[in-house]
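Visitor: I have a structure here, written as structure tokens, and I will follow up with some questions on it.
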Amino acid sequence: MEHEPDDLKIVCFGSTQERKHFPHYCAPDRLGNDLAPIRGAPNRGPGCYNYEQVTCLEHQLERRPMSKKGYIMGARTAPRFPKDNKMQTPSPAEYQSFWSRERTFSPSYAPFNLKAVRFPDRKTDDILNPSPGTYEHATNQGRKVSWPGRFGSPEIPSLEKRTLRSE
1 MEHEPDDLKI
11 VCFGSTQERK
21 HFPHYCAPDR
31 LGNDLAPIRG
41 APNRGPGCYN
51 YEQVTCLEHQ
61 LERRPMSKKG
71 YIMGARTAPR
81 FPKDNKMQTP
91 SPAEYQSFWS
101 RERTFSPSYA
111 PFNLKAVRFP
121 DRKTDDILNP
131 SPGTYEHATN
141 QGRKVSWPGR
151 FGSPEIPSLE
161 KRTLRSE
């Protein structure tokens, strides 16, 4: 028999030969085309990264993109050595001088709310208890409104009835 290429080599079931499995290899059919294999190193995953290598200062300096003129991305435009921010504190004589300064106040219109109404307006006895001459005696009591031909209901005007022509 001739020597067969690796793609055509058939692996028997139950043998201990090396097989091509899904995450690293996809079959040349529709399912293999839909499911893309893992690209890159297959041993990547949680707990497999060299975090100390990536976060060290040397790695950060090597990976920083720099132009030929020496400008880097994210360069500061502030001065290299900033001026010292000196705290300007007042002298003991000036410290909180606004508390000791003499102030003048304008007199209020009515101090302590003296212009407010102290007692509410009381209703007079005439309003609460009307005297005999303040109301009308000759009124018809117990009148009943009658609705003729309606058995007690009001007469409401109704719209004239219209019908649609059916053709």
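At position 164 of the sequence shown (counting the first as 1) the number is 164 in UniProt numbering, and the numbers step up by one without a gap. Ideal placement from N, C-alpha and C gives every residue a C-beta, glycine not left out.
Classify residue 177 as helix, strand or coil using the three-state DSSP reduction.
Guide: Any property of residue 177 remains undetermined from this structure, which presents the chain solely from 1 to 167.
Visitor: State the DSSP-derived secondary structure class of ARG103, mapped to helix, strand or coil.
Guide: Residue state, collapsed to three classes: coil.
Visitor: Along the chain, where does the alpha helix (DSSP H) containing ASP125 start, and where does it finish?
Guide: Residues 125 to 128.
Visitor: Consult DSSP for SER158 and reduce its assignment to one of helix, strand or coil.
Guide: DSSP places SER158 in coil when its eight states are reduced to three.
Visitor: For MET1, count the other beta carbons within 10 Å of its own beta carbon; 16 or more makes it buried, fewer makes it exposed. Which is it?
Guide: Confidence is the limiting factor: at MET1 the pLDDT is only 48, short of 50, which leaves the residue's position unreliable, though a coordinate-based value still follows. Exposed, because fewer than 16 other Cβ atoms sit within 10 Å of the Cβ of MET1.
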